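Novice: Questions regarding the structure given below will be posed in turn.
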């Protein structure tokens, strides 16, 4: 090559590198826009992962080359984040998953000074993505053996792992001995004490069928049989905790199986009868509500308002967004102007008195683009539950789009849709890429306003999981976001100082030690608001087990705790601007 061409190539390469850097930085900062001013909403989010010691980038799974034509689509999951307190020091830690062989998961220990350190390797929970054993999709944390330490169930495309916390900063994988080491292609799980015996049981969902090894395919007939009513996904399983370190599969006798391509599940008492129910978000079909019948069986309830249309359910968030003492449900779906509108579902809970769930989603609450993880939390401390939604599927070429190809296969059914070889090649095309998160601020009376641009939530990565915790004990919910093939982000939340708050850390005695399923109803300023301890919610995520309540200008009058055992405990005039630690009464 003549010298002038060499020079031109060098200049071109430098220019491309600069463009690439600017593109990456732009995705993290929203394209270099002026710093937002969130004073209108009373809080401000600032991305601070690097300065806090978090330097994690997700790697997507690399599957069988028979799927090369749609690899970005099939391998478009695996970025997950969960809040835990693995060392029991009272400071919320973070666990993030990788999804490619040879790439480690990260366990970020909160040092208590605003910074984190990755201790996954020394803890024994880093090198879990191994050929022949599968890759990570997400984790849920709670004390399943009642020894006072939070344990971890890691669900995977492959063999799941159950990490028992040894109480010394290390974990031991006991999945095989516990009886839960079944090959699955799972994207969701939750802890639940369905029979109220004080021991945490385990519900695990299936996505691709469990006989499929995505790295060694025997067939390409692995996709959904329908885009609207698919039932050819993997099985779901309910494992009962026997109390001796072992679990038994009680799926058949409890009636809790589904093969509807479940992507997310959450467990809580939704109908007010004292028993924890299951709520499923399913891809390629409607949501499912499994009502707990006295701890013996579950009934898949029909005619409760979930059949009005078929969706692509991605996430289950539970929250008392009306402040009426009942948990509503938010399920994310897919929308794309000009191609598809499925709409997210925001459901008012009337199961206890009228026997149904009413979808009231409209406007930006219904249309968040290609929506994934979502969580309820009071981000502005005004006493109302807000919603954070992360979006975007595949961000590739900004000039080439796959929606036309997607629309061609979307009308198919049966073998044509099910055979991955029949799907048009994605190549370097985007599919609902470069979408910004939505920060939906609750205005009361069922109204939400998107404040993302105003409060600083302006990254453009392909979001998957979102989780909340007050990592700094400053009285504000910070936001952790896992991005597919992107960085783990941490947004520090700065809330107006005149807005009060209170938090509750619960420990069960007759109930499970982590108090999963316990509900706190806070009475303040003549109003009430309720929250439930959830071990697994959103999409591939878990919030802190400590429950955070905003107060606005109100003063807390009393808090009523309904423990999973059925015991009720009332705390009069609890101290605000601090964490109230409660142990379940033993008698």
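In the working numbering, the protein residues as written are 471 to 1057. Cβ atoms here follow ideal geometry from the backbone N, Cα and C, with glycine treated the same way. Since the structure is predicted, the reported quantities are computational estimates derived from the model, not experimental observations.
1) For residue 551, which option in 558, 562, 541 and 536 has the closest C-alpha, if you only look at C-alpha atoms?
2) Hey, quick one: how far does the alpha helix (DSSP H) through residue 799 stretch, first residue to last?
3) Going by CA-CA distance only, name the one from 834, 701 and 641 that's closest to residue 754.
4) Consult DSSP for residue 579 and reduce its assignment to one of helix, strand or coil.
5) Three-state secondary structure (DSSP) at residue 874?
6) DSSP on residue 781, reduced to helix/strand/coil?
7) Buried or exposed: residue 769, going by 16 or more other Cβ atoms within 10 Å of its Cβ?
8) If I follow the unbroken alpha helix (DSSP H) through residue 592, where does it start and stop?
9) Quick check on residue 686: buried or exposed, where buried means 16 or more other Cβ atoms within 10 Å of its Cβ?
10) Using the Cβ count rule (16 or more neighbours within 10 Å means buried), how would you classify residue 874?
11) Residue range of the alpha helix (DSSP H) that residue 1106 falls in?
12) Which stretch, first to last residue, makes up the alpha helix (DSSP H) that contains residue 896?
13) Here's the rule I'm using: 16 or more other beta-carbon atoms within 10 Å means buried, otherwise exposed. How should residue 1047 be labelled?
14) Round the Cβ separation of residue 651 and residue 673 to the nearest angstrom and send it over; I've been treating them as touching at under 8 Å.
15) Judging by CA-CA distance, which residue of 671, 657, 889 and 588 is the nearest neighbour of residue 421?
16) Residues in its own chain within less than 6 Å of residue 721 by CB, not counting five upstream and five downstream?
17) Should residue 624 be labelled buried (16 or more other beta-carbon atoms within 10 Å of its own) or exposed?
18) Less than 8 Å separating the beta-carbons of residue 612 and residue 661?
19) Please list, in chain order, all residues of the same chain as residue 493 whose beta carbon is under 8 Å from its beta carbon, the five residues on each side excluded.
20) Could you compute how far the alpha carbon of residue 890 sits from the alpha carbon of residue 537?
21) Out of 1017, 571, 519 and 529, which has the shortest C-alpha to C-alpha gap to residue 564?
22) What are the start and end residues of each continuous beta strand (DSSP E) run of 3 or more residues lying completely inside the stretch 502-538, in chain order?
23) Taking all protein chains shown into account, decide if residue 807 is buried (16 or more other Cβ within 10 angstroms of its Cβ) or exposed.
24) Kindly indicate which residue of 791, 815, 793 and 572 has the alpha-carbon position closest to the one of residue 801.
25) Going along the chain, which residues of its own chain have a beta-carbon closer than 8 Å to the beta-carbon of residue 1040, five neighbours each way excluded?
26) How many angstroms separate the CA atom of residue 596 from the CA atom of residue 826?
27) Below 8 Å between beta carbons: does that hold for residue 579 and residue 961?
28) Taking the alpha-carbon positions, what's the residue 758 to residue 979 distance?
29) Just the Cα atoms here: how many angstroms apart are residue 732 and residue 977?
30) What did DSSP end up calling residue 543 once you bin it into helix, strand or coil?
31) Measure the beta-carbon distance from residue 982 to residue 1055 and round it to whole angstroms, keeping in mind my assumption that it falls under 8 Å.
32) Using only the alpha-carbon positions, how far apart do residue 586 and residue 559 sit?
33) Output the residue ranges of the beta strand (DSSP E) runs that lie fully inside the stretch 801-845 and measure 3 residues or longer, sorted by chain position.
34) Would you mind giving the Cβ-Cβ distance between residue 1018 and residue 947, rounded to the nearest angstrom? I have them listed as a contact below 8 Å.
35) Out of curiosity, what's the CA-to-CA distance linking residue 887 and residue 895?
Specialist: Taking the structure as given:
1) 562
2) Taken as a continuous stretch (DSSP letters only), residue 799 belongs to no alpha helix (DSSP H), being part of the beta strand (DSSP E) at 798-802.
3) 701
4) strand
5) helix
6) coil
7) exposed
8) 590-593
9) exposed
10) exposed
11) Only positions 471 to 1057 of the chain appear in the structure, and residue 1106 is not among them; the question remains open.
12) Segment: none, residue 896 is in no alpha helix (DSSP H) and carries neither H nor E.
13) exposed
14) That pair is no contact at about 16 Å.
15) With the chain covering 471 to 1057 only, the question about residue 421 has no answer from this structure.
16) 707, 708 and 727
17) buried
18) yes
19) Below a pLDDT of 50, predicted positions are generally treated as unreliable, and residue 493, at 35, falls in that range; the measurement from the model is reported next regardless. Hits under 8 Å: none found.
20) 7 Å
21) 519
22) 513-517
23) exposed
24) 815
25) 1028, 1029, 1030 and 1031
26) 44 Å
27) no
28) 32 Å
29) 31 Å
30) helix
31) Their Cβ separation, rounded to whole angstroms, is 15 Å, which puts residue 982 and residue 1055 out of contact at 8 Å.
32) 14 Å
33) 815-820 and 826-829
34) 6 Å
35) 14 Å
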